[in-house]
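Numbering (the numbering used here), first residue to last: 1064 to 1326. Glycine included, C-beta positions come from ideal geometry on N, C-alpha and C. Read the structure below first, then the notes.
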């Protein structure tokens, strides 16, 4: 667990940035593989580049206004200072999906079909990205009050908050859950489903795991029902996804019933 892996001259190579870059590259590689021989393959490189910009903006907005507004409301000049840290994966997903939807509309391609193709690649990137959080000592858990847990070293945000006491491995378990979701999506992808089914399944599974693991987090303020912003976001994602999935499923059944005999 190292915040800075090594130096190139006076420039520190930070574990977080390096692993996030690796996550993006692995996600892109898997996305290209999943989109092979489809009309969407040529769109993947451009879409990823645009989505990264949207993801960074969304991640910062989410962190500032939903996770740490108490601090940033008193330090407005630091809101743009993303280089000092402070991004939220849920905001990154929202920002990236909004940009992807705009791109699909401009290119006149189906957002839902493309999202189904790319869903496993997205969750794989998230899984690898959580390794970056572990190495950086952020997204950490609360004290376990036992001998079990992760003891973070000096120089990490977790150590600054809790010192040398064992914390729940919240970010580690979330990364492991993401790998499980990745495997589930791969098993489902070769079957026929209504449009949007795989993408919405990814949303529901990821958000469900995130909701449960947020009970162990020690780095997030809590609001109504003693839930974190991450939990409220997860509930909103789950409910919205279920509604959309139900609509698409009913629409799919109706379309099959109305197909003329012999077609």
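Report task. Please list, in chain order, all residues of the same chain as residue 1113 whose beta carbon is under 6 Å from its beta carbon, the five residues on each side excluded. Result -> Numbered from its first residue, the chain shown carries residue 1113 at position 50. Contacts found: 1162 and 1166.
Query raised in the report: What number of angstroms, rounded off, separates the C-alpha of residue 1134 from the C-alpha of residue 1077?
Result: Here residue 1134 refers to the residue found at position 71 when the chain shown is read from its first residue. Here residue 1077 refers to the residue found at position 14 when the chain shown is read from its first residue. Using only the alpha carbons, I get a separation of about 25 Å.
Report task. Express the C-alpha separation of residue 1194 and residue 1095 in angstroms, rounding to a whole number. Result -> Counted from its first residue, the chain shown places residue 1095 at position 32. Counted from its first residue, the chain shown places residue 1194 at position 131. As the crow flies, the alpha-carbon of residue 1095 is around 23 Å from that of residue 1194.
**Report entry** Whole-angstrom distance between residue 1288 and residue 1109, CA atom to CA atom
**Finding:** The residue given as residue 1109 occupies position 46 in the chain shown. The residue given as residue 1288 occupies position 225 in the chain shown. Rounded to the nearest whole angstrom, the C-alpha separation of residue 1109 and residue 1288 is 41 Å.
Query raised in the report: Can you name the start and end residues of the alpha helix (DSSP H) that residue 1103 belongs to?
Result: One-based indexing of the chain shown puts residue 1103 at position 40. It is not in any alpha helix (DSSP H) - residue 1103 carries neither H nor E in the DSSP assignment.
Requested in this report: Could you give the DSSP three-state label for residue 1071: helix, strand or coil?
Outcome: Position 8 of the chain shown, counted from the start, is the residue given in the question as residue 1071. Here residue 1071 sits in strand by DSSP.
Query raised in the report: So what's residue 1204 in DSSP terms, helix, strand or just coil?
Result: Translated into positions along the chain shown, residue 1204 becomes position 141. Residue 1204 sits in a strand when the DSSP states are folded into three classes.
**Report entry** residue 1180: first and last residue of the uninterrupted alpha helix (DSSP H) it sits in
**Finding:** Position 117 of the chain shown holds residue 1180. Per DSSP, residue 1180 belongs to the alpha helix (DSSP H) from 1174 to 1199.
Query raised in the report: Among 1271, 1131 and 1233, which residue has its Cα nearest to the Cα of residue 1211?
Result: Counting from one through the chain shown, the residue named residue 1211 turns up at place 148. Nearest to residue 1211 by alpha-carbon distance, out of 1271, 1131 and 1233, is 1233.
Query raised in the report: Going by C-alpha distance, which of 1176, 1158 and 1295 is nearest residue 1260?
Result: Along the chain shown, read from residue 1 onward, the residue named residue 1260 stands at position 197. Out of 1176, 1158 and 1295, 1176 has the C-alpha closest to the C-alpha of residue 1260.
Report task. Note down the Cα distance separating residue 1154 from residue 1074, rounded to an integer number of angstroms. Result -> Within the chain shown, residue 1154 is the residue found at index 91, counting from 1. Within the chain shown, residue 1074 is the residue found at index 11, counting from 1. About 29 Å.
Query raised in the report: So, using beta-carbon positions, are residue 1182 and residue 1265 closer together than 9 Å?
Result: In the chain shown, residue 1182 corresponds to position 119, counting from 1. In the chain shown, residue 1265 corresponds to position 202, counting from 1. Contact annotation: residue 1182 and residue 1265 have beta-carbon atoms nearer than 9 Å.
Query raised in the report: With contact counted as at least three CB pairs below 8 Å, one residue from each stretch, are the segment 1233 to 1242 and the segment 1182 to 1191 in contact?
Result: Contact holds: three or more Cβ-Cβ distances are below 8 Å.
Requested in this report: Helix, strand or coil for residue 1076, going by three-state DSSP, please let me know.
Outcome: Taking the first residue of the chain shown as 1, we reach residue 1076 at position 13. Residue 1076: strand per DSSP, three-state reduction.
Report task. Could you work out which residue in 1132, 1222 and 1248 is closest to residue 1185 when comparing CA atoms only? Result -> As a working mapping, residue 1185 is identified with position 122 in the chain shown. Taking residue 1185 as reference, the option from 1132, 1222 and 1248 with the minimal CA-CA separation is 1248.
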